[in-house]
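Reviewing the structure listed below.
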Amino acid sequence: MDSENHSDARSRDPGWKYATKGSTPGTVICNFCQKITYGGIYRAKQHLAGGYRNSKGCNKCPAHVREEIKEYFRVFNRNKRIAEVLPDFDEAELEEYVYDEDEEVGSGSHQGSSRKFQAHSSKKQKDSTIEDDPQVSAGLLDCVMRLVPNEDDQSKLMAEKRMYKDAEGILGYKLAIRDRNIKSPGKI
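For what it's worth, full-length UniProt numbering labels the leading residue of the sequence shown as 1, then goes sequentially.
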């Protein structure tokens, strides 16, 4: 790991606000009680948060710091679980996707111009809609996770995605269909 990435990780990790690097590798010193923890910043954050059997909690840690570290662990673990479910892909694969705005797609009363992603591959050329592409779906989930912090709102939004696509329920009213053609979420 180069020093630029290492210092960038330190600036994002809240544990470094309340602990300092020890003199030997893997040691971190608590700023409140001066306890030396072995096992890196992760173990030091467990010390600050308290409640972990492999690290004794800090008695001098203020409540707001304890809550900040616990919240960091909650978000970190939630994002880790979600990342394990999402397919793994790299930027080179994403560059294969190009917008094709000239393509006309229409069916029934929902006629009009619609954007489609077109996958270009050296082996074969394949058209795929956004809904069929797991990488685009993963990108949508990533955007929802970053832009909508509340987990309940995230769940509601993902449930309403299908209703929006199929124009069901209140989203099936003529006004909603007309408005969705004018104010597509992709344009907002």
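Note that CB positions come from ideal geometry on N, CA and C, so glycine has one too.
Looking only at its own chain, which residues have a Cβ that is under 7 Å from the Cβ of residue i, when we skip the five neighbours before and after it?
i: Gly22; result: Val28, Ile29, Ile36
Between the beta-carbon of residue i and the beta-carbon of residue j, is there less than 7 Å?
i: Gly40; j: Gly26; result: yes
i: Pro14; j: Tyr52; result: no
i: Tyr18; j: Asn31; result: yes
i: Cys33; j: Lys56; result: no
Taking the beta strand (DSSP E) that residue i belongs to, which residues open and close that run?
i: Tyr38; result: 36-38
i: Cys30; result: 27-30
i: Lys56; result: It is not in any beta strand (DSSP E) - Lys56 carries neither H nor E in the DSSP assignment.
What residues in its chain sit with their C-beta under 6 Å from that of residue i, if we drop five residues either side in the sequence?
i: Lys45; result: Gly15, Ile69
i: Thr20; result: Ile29
i: Glu160; result: none
i: Cys58; result: Cys30, Phe32, Cys33, His47, Leu48
i: Val75; result: none
Suppose the cutoff is 8 Å on Cβ atoms and the five residues either side in sequence are ignored; what does the same chain contact list for residue i look like?
i: Leu157; result: Val144, Val148
Among the options, which one has its Cα closest to the Cα of residue i?
i: Glu84; options: Thr24, Glu151, Ala138; result: Ala138
i: Glu151; options: Arg78, His64, Lys174, Ala63; result: Arg78
i: Ile82; options: Lys174, Pro134, Asp153, Leu141; result: Leu141
i: Asn54; options: Val75, Thr24, Tyr38; result: Tyr38
Along the chain, where does the alpha helix (DSSP H) that runs through residue i open and close?
i: Lys17; result: Unbroken run through Lys17: none, as it is neither H nor E.
i: Val144; result: 134-147
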